[in-house]
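Contents: one structure, followed by commentary.
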Amino acid sequence: MNIFRLLGDISHLLAIIILLRKIWMSRSCAGISGKSQLLFGLVYTTRYLDLITSYISLYNSVMKVVFLAASYATIYLMYVKFKATYDHNHDTFRIEFLVVPAVALALLINHDFQVVEILWTFSIYLESVAILPQLFMVSKTGEAESITSHYLFALGVYRGLYLLNWIYRFWAEDHYDLIAIVAGVVQTVLYCDFFYLYITKVLRGKKLQLPA
Amino acid sequence: QPEPIDKDEL
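Taken in sequence, the protein lines are chains A and B. Heads up, the first sequence is in my numbering, so the first residue is 449 and it goes up one at a time. Heads up, the second sequence is in my numbering, so the first residue is 671 and it goes up one at a time.
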């Protein structure tokens, strides 16, 4: 494992913790897209099925369990415990527009036509666009709480760091996975507009507010 | 010969 990969994983972990903590401490999931969280739950579930079938390392297994548990916990808090605070009027992105193409693409473009491999590929494609309901919600309300912005920043940076990891691995190990790389580029590009707003506004102490 | 698929990454 190289430094970019490690920092990417830490950033990913940090994002998940920031979100869970925000919901728990404020007893509210206002401003958070339940649909994006459902999609992430689906992403982790379909990608980490190999947790049962193959052992890679303790680090790998622990991280997978943590991501799965945190994702399910977030969904539970949003849809059960703090359901009353869930802002579903603003969470109107049609997720079938993301899930159906991700399934189709996974069936068409994959490394191996086998169930576990297709589910992995689906999870990679779906992850790249899973944040769209959340970004759509922010654009609809025109603003985001600072803590939500920190969450989005950490989540966006994670795949960006993976891109550096893949560049490094291509150079150092001659290893590359085009499916992950292309999806990772798409995923990171989707955050660019947000990164700009985060750096120019949130880091200067201002609330993230979109121009009217 | 393609590289074996690396599933170590998360």
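Where is the CB? At the ideal position from N, CA and C, for every residue including glycine. Fair warning: this is a prediction, and the values are worked out from it, not measured in the lab.
Chain-ordered neighbours of residue i on chain B, where CB pairs are closer than 8 Å
{"i": "residue 508 (chain A)", "result": "678 and 680"}
Candidates the options: closest to residue i by CA position
{"i": "residue 571 (chain A)", "options": "A:540, A:595 and A:635", "result": "A:635"}
{"i": "residue 633 (chain A)", "options": "A:617, A:503, A:494 and A:577", "result": "A:577"}
{"i": "residue 580 (chain A)", "options": "A:566, A:637 and A:498", "result": "A:637"}
{"i": "residue 691 (chain B)", "options": "A:528, A:480 and A:492", "result": "Residue numbering for chain B in the displayed model covers 671 to 680; residue 691 (chain B) lies beyond these limits and cannot be assessed."}
{"i": "residue 628 (chain A)", "options": "A:499, A:532, A:566 and A:529", "result": "A:566"}
{"i": "residue 584 (chain A)", "options": "A:498, A:510, A:522 and A:539", "result": "A:539"}
{"i": "residue 535 (chain A)", "options": "A:477, A:630 and A:511", "result": "A:477"}
{"i": "residue 529 (chain A)", "options": "A:474, A:458, A:648 and A:647", "result": "A:474"}
{"i": "residue 652 (chain A)", "options": "A:597, A:549 and A:509", "result": "A:597"}
{"i": "residue 678 (chain B)", "options": "A:640, A:623 and A:561", "result": "A:623"}
Unbroken alpha helix (DSSP H) run spanning residue i, endpoints
{"i": "residue 607 (chain A)", "result": "594-621"}
{"i": "residue 562 (chain A)", "result": "Unbroken run through residue 562 (chain A): none, as it is neither H nor E."}
{"i": "residue 491 (chain A)", "result": "482-495"}
{"i": "residue 534 (chain A)", "result": "No alpha helix (DSSP H) holds residue 534 (chain A); DSSP gives it neither H nor E."}
{"i": "residue 658 (chain A)", "result": "Careful: residue 658 (chain A) lies outside any alpha helix (DSSP H) and carries neither H nor E."}
{"i": "residue 476 (chain A)", "result": "Run containing residue 476 (chain A): none; DSSP gives neither H nor E here."}
{"i": "residue 526 (chain A)", "result": "Run containing residue 526 (chain A): none; DSSP gives neither H nor E here."}
{"i": "residue 624 (chain A)", "result": "Note, residue 624 (chain A): premise wrong, no alpha helix (DSSP H); not H, not E."}
{"i": "residue 498 (chain A)", "result": "498-501"}
{"i": "residue 586 (chain A)", "result": "580-589"}
{"i": "residue 544 (chain A)", "result": "544-556"}
Contacts of residue i in chain B (Cβ-Cβ under 7 Å)
{"i": "residue 466 (chain A)", "result": "Ordered by position in chain B, no residue passes the 7 Å Cβ test against residue 466 (chain A), which lies about 18 Å from the chain."}
{"i": "residue 504 (chain A)", "result": "677 and 678"}
Cross-chain neighbours of residue i in chain B, by beta carbon under 9 Å
{"i": "residue 512 (chain A)", "result": "680"}
{"i": "residue 498 (chain A)", "result": "677"}
Minimum Cβ-Cβ distance from residue i to chain C less than 9 Å
{"i": "residue 584 (chain A)", "result": "The chain labelled as chain C is not found among the protein chains of the depicted structure, namely A and B."}
Fill in: Residues of the segment 449-463 of chain A whose Cβ lies closer than 9 Å to any Cβ of chain B, in chain order
Going along the segment 449-463 of chain A in chain order, one finds 449, 453, 456, 457 and 460 with a Cβ nearer than 9 Å to chain B.
Discussion item. Can you confirm whether the segment 508-525 of chain A touches the segment 454-473 of chain A when touching is taken to mean that 3 or more C-beta pairs between the two stretches lie within less than 8 Å?
Written reply: Segments in contact, yes.
Worksheet item: Between the segment 600-620 of chain A and the segment 450-461 of chain A, do at least 3 Cβ pairs fall closer than 8 Å?
Response: Taking 8 Å as the limit for Cβ pairs, the verdict is that the segment 450-461 of chain A does touch the segment 600-620 of chain A.
Discussion item. Check whether the segment 482-489 of chain A and the segment 543-554 of chain A are in contact - that is, three or more C-beta pairs closer than 8 Å.
Written reply: Touching, yes, given that three or more Cβ pairs across the two stretches are closer than 8 Å.
Worksheet item: Is the segment 582-596 of chain A touching the segment 552-562 of chain A in the sense that three or more CB pairs, one from each, lie closer than 8 Å?
Response: Touching, no.
Fill in: the segment 457-465 of chain A touching the segment 591-611 of chain A, judged by at least three CB pairs closer than 8 Å
Short answer: they touch.
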